[in-house]
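Visitor:
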Amino acid sequence: MILIGENINIMNKKIKSAMIERKKEIIQKIAIESKNNGVDYLDINIGPARKDGSFLMEWIIKILKEVCDLPLSLDTTNISALKVGLEIEGEKAIINSIQATEERMEELLPLVKKYNCKFIGLLLGKEGMPRDENERGAIAANFLAKIDEYGIPHSSVFFDPIVLPVRFQQEQVVSVLEFMKMFKELFPDCNATCGLSNVSNGALNELRGLINRTYLTMLLKYGMNSAIVDAYDKELISIIRGEKENIKNLIWKAMDEEIDISNLNEEEKNYVKTVYILQGKSIYSDSYLKL
Ligand code: THG
Numbered sequence: 014m015i016l017i018g019e020n021i022n023i024m025n026k027k028i029k030s031a032m033i034e035r036k037k038e039i040i041q042k043i044a045i046e047s048k049n050n051g052v053d054y055l056d057i058n059i060g061p062a063r064k065d066g067s068f069l070m071e072w073i074i075k076i077l078k079e080v081c082d083l084p085l086s087l088d089t090t091n092i093s094a095l096k097v098g099l100e101i102e103g104e105k106a107i108i109n110s111i112q113a114t115e116e117r118m119e120e121l122l123p124l125v126k127k128y129n130c131k132f133i134g135l136l137l138g139k140e141g142m143p144r145d146e147n148e149r150g151a152i153a154a155n156f157l158a159k160i161d162e163y164g165i166p167h168s169s170v171f172f173d174p175i176v177l178p179v180r181f182q183q184e185q186v187v188s189v190l191e192f193m194k195m196f197k198e199l200f201p202d203c204n205a206t207c208g209l210s211n212v213s214n215g216a217l218n219e220l221r222g223l224i225n226r227t228y229l230t231m232l233l234k235y236g237m238n239s240a241i242v243d244a245y246d247k248e249l250i251s252i253i254r255g256e257k258e259n260i261k262n263l264i265w266k267a268m269d270e271e272i273d274i275s276n277l278n279e280e281e282k283n284y285v286k287t288v289y290i291l292q293g294k295s296i297y298s299d300s301y302l303k304l
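Numbered per my numbering, the sequence shown spans residues 14 to 304.
1) Starting from I160, follow its DSSP beta bridges and name the residues at the other end.
2) Give the single residue among L263, R144, I250 whose Cα lies nearest to the Cα of N278.
3) Using the beta-carbon count (16 or more within 10 Å), is R149 buried or exposed?
4) Leaving out five residues on either side along the sequence, give the residues of the same chain with a beta carbon under 7 angstroms from the beta carbon of N109.
5) Whose C-beta lies closer than 7 angstroms to the C-beta of V212 among residues of the same chain, with five residues either side of it excluded?
6) Measure the C-alpha to C-alpha separation of N259 and L95 and round it to an integer number of angstroms.
7) With 16 other CB atoms within 10 Å as the buried threshold, where does S298 fall?
8) Smallest Cα separation from I107: which of A113, K257, N129?
9) Can you tell me which of the three DSSP states T230 falls into?
10) In whole angstroms, what separates the C-alpha of I160 from that of G215?
11) Beta-carbon separation of E191 and E146 under 7 angstroms?
12) Using CA atoms only, rank isn't needed, just tell me which of Y289, K257, E256 is closest to I272.
13) Measuring only the C-alpha atoms, how far is S188 from F196?
14) Comparing C-alpha positions only, which one of L124, A205, D65, M237 sits nearest to F172?
15) Along the chain, where does the beta strand (DSSP E) containing K131 start, and where does it finish?
16) Quick one: Cα of H167 to Cα of G103, how far?
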């Protein structure tokens, strides 16, 4: 599983001010800690960065290279800034992301071709959010036809089925699982990734890690081979790296069969209850663990 650390993100107030005021230590610290915790890439989310996007991108990459050799996922809608990042990173980069509209594909796939880099293909078409797994499949198939037109290898794309918060969009959380069940058969040489933390957005803070860890373990079973994750969730990384086989096997078992939870310890019960929420078998409420 290719893990991309999400923590250098302009949505976070502290990081936003570090980016604007060019305070490199704050950002460098996150990069070092993310690497030590075991992620493979750093996602550099500078947002739309309307004014000085190109300068900001150049600066961030420079200060990151001073302390950390992880490759970068370039998360910006500012194309000039993206190009600056690609000039420096070249084929090591991941473009995060390309939307599945004609306009964005035709604008950005030539850059993928030119730099021979990887990219996240966001399954968000001209009609907006996909409503179910079949629409996700149709958007991906259309995207793949474009990828072939440009002669880009299928191994360069990471399709992102768009994970939404279980608190507000529980049926979409189930739909992403259903999409992943079909994924390997439909798109055998392609990769799949997602913004994992989206799934627990708006949930109680003490539940977020549990929801994230359970969902990624479920997605892993169906062949998801990458995710953008909180690099500070060491438990998540250790489960995904195969160091907690008991937890992984319990989650996988709960996905397929009824489990008698009366013999389980508290932690195990929580994982099983969370599987049922993410499968849509139980309805999410903030108190679902207590039920
Ligand atoms: N797909 C792709 N890229 C993405 C996303 C996606 N990039 C952005 C996002 N989604 C993934 N990254 C994050 C980063 C942070 C959070 C969620 C997703 C997050 N942050 C806390 C919050 O907003 O409550 C605040 C940070 C903190 O805890 O300090 O939830 O889907 N391709």
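For every residue, glycine included, the Cβ atom is placed at its ideal position computed from N, Cα and C.
Guide: Checking against the coordinates, here is how it stands:
1) Paired residue(s): none; I160 is not in a bridge.
2) Nearest of L263, R144, I250 to N278, Cα basis: L263.
3) In this structure R149 is buried. Its beta-carbon is surrounded by 16 or more other beta-carbon atoms within 10 angstroms.
4) Hits under 7 angstroms: D56, S86, L87, D88, I133.
5) Counting only Cβ-Cβ distances below 7 angstroms, and skipping sequence neighbours, we find V176, P178, V179, V186, I224, N225, Y228.
6) Roughly 42 angstroms separates the two Cα atoms.
7) Looking at its Cβ environment, which holds fewer than 16 other Cβ atoms inside 10 Å, S298 is exposed.
8) Considering only alpha carbons, the answer is N129.
9) Of the three classes helix, strand and coil, the one that applies to T230 here is helix, per DSSP.
10) The straight-line gap from Cα to Cα measures roughly 35 angstroms.
11) Closer than 7 angstroms, so yes.
12) Looking at the Cα atoms, Y289 is the closest of the given residues.
13) Their backbone Cα atoms lie some 12 angstroms apart in a straight line.
14) Out of L124, A205, D65, M237, the CA that lies nearest to the CA of F172 is found in A205.
15) Unbroken beta strand (DSSP E) run through K131: 131 to 135.
16) If you take the alpha carbons of H167 and G103, they lie about 18 angstroms apart.
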